[in-house]
Amino acid sequence: MDSVSIVRDSSLTGSDIVGDLRLDWSVYSDVGRVRDANEDAALVLPGRYLLADGMGGHESGELASEAALLTLAEVEPGAELADTRDVLDRLLVDAQQRIGGIDGFSDRRAGTTVTGAVLVTDDDVLHWLILNIGDSRTYRFQNGTLQLLTRDHSQVQEFVDAGVITAEQARIDPRRNVITRALGAGMSEPDADYFSTPALPGDVLLICSDGLTGELPDAEIAEILAGSDSAEDAAASLVDAALFVGAHDNVTVVVVSVRSDEESGEVGGESVETSEDTPT
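Going by full-length UniProt numbering, 77 is the number at position 77 of the sequence shown; the sequence numbering is gapless.
See the structure below:
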């Protein structure tokens with residue numbers, strides 16, 4: 001397995017070649033302007049881009065997010081979609097057990113969200129397999145449009161689904177930090193959502209903690225992505241924008257710009273084709 005490092009309170013930028021795709025990526029993680037410690041963490045490996053937002057007090061939260069990412073790092077990219085999902089299911093159970101063994105530093109149980117993307121093969125075509133537990137998010141920016149690929153597992157999302165509040169009201173609702181699914185946190189077993197979509201040159205993936213989406217509306221996120229010259233520029237600009245408006249929570253983003261192996265261009269470049277998305 002590739003060498004594994006956790007990105008927290010720092011930034012990292014690089015590029016991977018997987019199959020016939022070049023994946024330019026950048027991670028920025030910041031404690032924000034209010035919190036004392038950063039419970040967010042990110043992991044980038046070729047074809048695997050994951051983020052976790054820990055909870056349970058800063059010691060427990062940091063340990064939980066790190067345990068989740070180090071465990072999920074064992075998944076290998078490029079395998080068949082169904083096989084990869086089975087592996088992820090097994091690794092999530094392993095991560096749940098590791099997190100359950102964390103000694104508590106407070107009355108709160110250690111836990112974490114987790115989301116991100118793994119490259120898989122489906123009918124001999126590279127796809128992203130998107131994973132999500134909790135309220136961290138994975139988006140795709142394609143042809144100038146930002147699309148949320150995950151669904152928040154949160155109390156306010158249930159209110160939005162029921163028509164009680166709007167998505168914009170949910171961003172500032174005082175109950176927005178109450179999540180209904182997590183890895184650890186006393187939950188009985190992991191309950192992940194999966195989603196697959198073709199990995200197309202021109203697309204940009206954005207993986208982020210709620211420290212970004214709690215500060216910036218989707219329209220502003222899309223505007224920043226459209227105006228960025230690179231994955232590094234996009235990630236830095238998104239975190240800077242969240243810091244500018246207060247950054248009341250930790251802010252972590254992973255931006256992955258997908259290109260063909262020979263292609264170069266701006267982050268917001270047009271996709272060569274549109275894609276059909278598949279819940280799995």
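Note that beta-carbon positions come from the ideal geometry of N, C-alpha and C, so glycine has one too. Bear in mind that the values here come from a model prediction, so they are computed numbers and not experimental data.
List the residues that DSSP assigns as beta-bridge partners of leucine 206.
Locating residue 206 in the sequence shown gives position 206, where the first residue counts as 1. Answer is Tyr139 and Val255, bridged to leucine 206.
From the DSSP secondary-structure annotation, give me the bridge partner or partners of threonine 112.
The residue you call residue 112 lines up with position 112 of the sequence shown. Paired residues: Gly54 and Leu183.
Within its chain, find whatever has a CB closer than 6 Å to the CB of alanine 247; leave out the 5 residues flanking it on each side and keep chain order.
Residue mapping note: residue 247 aligns to position 247 of the sequence shown, counting from 1. Closer than 6 Å at the Cβ level, and outside the excluded window around alanine 247, lie Gly32 and Arg33.
Note down the Cα distance separating valine 164 from proline 190, rounded to an integer number of angstroms.
Residue mapping note: residue 164 aligns to position 164 of the sequence shown, counting from 1. Residue mapping note: residue 190 aligns to position 190 of the sequence shown, counting from 1. Cα to Cα, the separation comes out at about 28 Å.
Smallest Cα separation from glutamine 155: which of Gln169, Leu206 and Val87?
For the purposes of this step, residue 155 is taken as the residue at position 155 of the sequence shown. Glutamine 155 has its Cα closest to that of Gln169, out of Gln169, Leu206 and Val87.
Might you give, ordered along the chain, the residues of its own chain that have their beta carbon closer than 6 Å to the beta carbon of glutamate 276, omitting 5 neighbours on each side?
Within the sequence shown, residue 276 is the residue found at index 276, counting from 1. Because glutamate 276 sits at a pLDDT of 49, beneath the cut-off of 50, its placement in the model cannot be relied upon, and the following sentence gives the value as read from the coordinates. Taken in chain order, the list of residues that qualify is empty.
With distances taken between CB atoms, is the gap from glycine 47 to valine 27 smaller than 8 Å?
As a working mapping, residue 47 is identified with position 47 in the sequence shown. As a working mapping, residue 27 is identified with position 27 in the sequence shown. Against a cut-off of 8 Å, the Cβ pair of valine 27 and glycine 47 comes out as no contact.
Within its chain, find whatever has a CB closer than 7 Å to the CB of proline 279; leave out the 5 residues flanking it on each side and keep chain order.
Looking up residue 279 in the sequence shown gives position 279. Because the pLDDT at proline 279 is just 49, under 50, the model does not fix this residue reliably, and the value given afterwards should be weighed accordingly. Correct list, in chain order: Phe195.
Are the segment 200-208 and the segment 134-145 in contact at 8 Å, needing three or more beta carbon pairs?
With a cut-off of 8 Å, the segment 134-145 and the segment 200-208 count as touching, because enough Cβ pairs lie within range.
Per-residue burial, glycine 268 [other beta carbons within 10 Å of its own, 16 or more giving buried]
In the sequence shown, the residue the question calls residue 268 occupies position 268. Low confidence applies to glycine 268: its pLDDT is 45, below 50, so where it sits in the model is not reliable, and the reading given next is rough at best. Glycine 268 should be labelled buried.
Inter-residue Cα distance where the pair is aspartate 261 and alanine 162:
What you label residue 261 is simply residue 261 of the sequence shown in a count that begins at 1. What you label residue 162 is simply residue 162 of the sequence shown in a count that begins at 1. Using only the alpha carbons, I get a separation of about 44 Å.
What are the boundary residues of the alpha helix (DSSP H) that includes alanine 42?
Residue mapping note: residue 42 aligns to position 42 of the sequence shown, counting from 1. Alanine 42 -> not in any alpha helix (DSSP H); beta strand (DSSP E) instead, spanning 40-45.
Tell me whether proline 174 is buried or exposed, calling it buried when 16 or more other Cβ atoms sit within 10 Å of its Cβ.
Taking the sequence shown and counting its residues from 1, one reaches residue 174 at position 174. Classification of proline 174: exposed, given that the 10 Å Cβ count is below 16.
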